[in-house]
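Engineer:
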Amino acid sequence: MTIRFVLTLSFFVSYACYAESPQPVFCSDIGTDSQGIYECSKRKNTDADIQLNSTYKALNNKIDTEYKIDPMLGASLKEHIKKSQRAWIILRNENCAIESFMVDPGTQAFETTKNFCMARQSIERIHYLNDLKL
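The sequence shown begins at 689 in the working numbering and counts up one residue at a time.
(1) Is R774 buried or exposed, if buried means 16 or more other CB atoms sit within 10 Å of its CB?
(2) State the start and end residues of the unbroken alpha helix (DSSP H) segment that holds D735.
(3) Please report the distance separating the alpha-carbon of N749 from that of T734.
(4) Just the C-alpha distance for A785 and I757, rounded to the nearest angstrom, thanks.
(5) Going by CA-CA distance only, name the one from F789, I777, K821 that's closest to N741.
(6) Please determine, among I725, C805, L761, the residue with the shortest C-alpha to C-alpha distance to E782.
(7) Just how far apart, CA to CA, sit T800 and D737?
(8) If we ignore side chains and look at the alpha-carbon of each, how far apart do S716 and C728 end up?
(9) Let me confirm a value: S764 is counted as buried when at least 16 other C-beta atoms fall within 10 Å, else exposed. Which label applies?
(10) Going by other Cβ atoms of all chains shown within 10 Å of its Cβ, with 16 needed for buried, is A746 buried or exposed?
(11) Return helix, strand or coil for Y821, following the three-state DSSP convention.
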């Protein structure tokens with residue numbers, strides 16, 4: 689189990705460090721300390737979630753402003769975005785379940801893998817929402 693943990697953890701640290709844009713660089717300054725990587729993954733996931741919520745709210749505010757002349761049309765767009773966001777959350781959660789599937793549930797490696805996946809996918813979603821042309 690220890691070998692599996694180390695291999696899994698090293699894979700995801702390597703993956704996170706060398707991922708292409710728009711992927712953020714995860715925890716590159718903490719070395720290979722597994723507790724430090726785990727704590728960093730929790731922080732990155734929380735930070736990405738906060739940023740995603742902020743981006744989502746800003747998008748809704750932008751729609752309110754842009755569609756002030758036709759609030760019904762704006763409300764319709766906001767409803768589509770809300771449905772899209774809810775569907776995306778399900779997709780993100782399932783994608784991260786797939787990515788962490790081979791890691792023993794309940795372990796720090798499992799949580800670290802899931803946290804990095806959630807953060808990475810949330811950041812991708814932030815880029816998507818920011819790039820929407822309304």
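Even for Gly, the Cβ is constructed at its ideal location relative to N, Cα and C.
What you are looking at is a predicted structure, and each value in this text was computed from that prediction instead of being measured.
Structural biologist: By the coordinates alone:
(1) exposed
(2) Secondary structure note for D735: its alpha helix (DSSP H) is the uninterrupted segment 722-754.
(3) 23 Å
(4) 43 Å
(5) I777
(6) Considering only alpha carbons, the answer is C805.
(7) 15 Å
(8) 10 Å
(9) Looking at its Cβ environment, which holds fewer than 16 other Cβ atoms inside 10 Å, S764 is exposed.
(10) Of the residues assessed, A746 falls on the exposed side of the cut-off, its CB having fewer than 16 other CB atoms within 10 angstroms.
(11) In the sequence as presented, Tyr is not what sits at residue 821; that position holds Lys. The answer is coil: DSSP assigns K821 none of H, G, I, E or B.
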